[in-house]
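Structure record follows, encoded as structure tokens.
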Amino acid sequence: MARFGGKIGFAVMTKSDGVVIEEIIERTYYGDVTRNARRLETSGNLNDDISLTNSISIVADPYANENFHNIRYVEWMGSKWKATNVDVAYPRLNITLGGVWNGE
Numbered sequence: 011m012a013r014f015g016g017k018i019g020f021a022v023m024t025k026s027d028g029v030v031i032e033e034i035i036e037r038t039y040y041g042d043v044t045r046n047a048r049r050l051e052t053s054g055n056l057n058d059d060i061s062l063t064n065s066i067s068i069v070a071d072p073y074a075n076e077n078f079h080n081i082r083y084v085e086w087m088g089s090k091w092k093a094t095n096v097d098v099a100y101p102r103l104n105i106t107l108g109g110v111w112n113g114e
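In our numbering, the protein residues as written are 11 to 114.
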């Protein structure tokens, strides 16, 4: 099993002049890579899209436990990957990664 150490992006809603804005807060976590795989997704684009089906298990602090539903991405291998699923298994969070996160 490989080790993981990297940043996880949490979306926090802030209100500015009556407009709700999604602000990203990055925090560093450590854990294990429990599944390491990739797949190509055929689309209407010229090239296929790469999508991961990796699972990362982190040791969650109180902030992560209280805000697991706000996890947007995990920074891994030099890229930011969408967190498509978060499974709470106290004291750990198991995060499944998907495609590249584009900041939306």
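All C-beta atoms in this analysis are idealised placements derived from N, C-alpha and C, irrespective of residue type, glycine included. These numbers were taken from a predicted model, which means no experiment stands behind them.
Secondary structure of residue i, DSSP reduced to three states
i	result
Ala74	helix
Asn112	coil
Asn80	helix
Thr63	coil
Asp27	coil
Tyr39	strand
Ala47	coil
Sub-8 angstroms separation of residue i and residue j beta-carbons
i	j	result
Trp111	Tyr83	yes
Gly41	Phe14	yes
Leu107	Ile68	no
Val43	Ile18	no
Asn95	Phe20	no
Asn75	Asn64	no
Gly113	Ser61	no
Met23	Glu36	no
8 angstroms Cβ cutoff, residue i in contact with chain D
i	result
Asn80	Judged by its chain identifiers, the structure shown contains no chain D, having just a single protein chain.
Selection from the options that minimises the alpha carbon distance to residue i
i	options	result
Trp91	Ala99, Ile105 and Asp27	Ile105
Trp86	Thr38, Gly28 and Glu33	Thr38
Gly16	Pro101, Ser89, Ala99 and Tyr100	Ser89
Asp71	Pro101, Lys25 and Val29	Pro101
Residue span of the beta strand (DSSP E) that contains residue i, given as start and end
i	result
Ala99	Ser89 to Ala99
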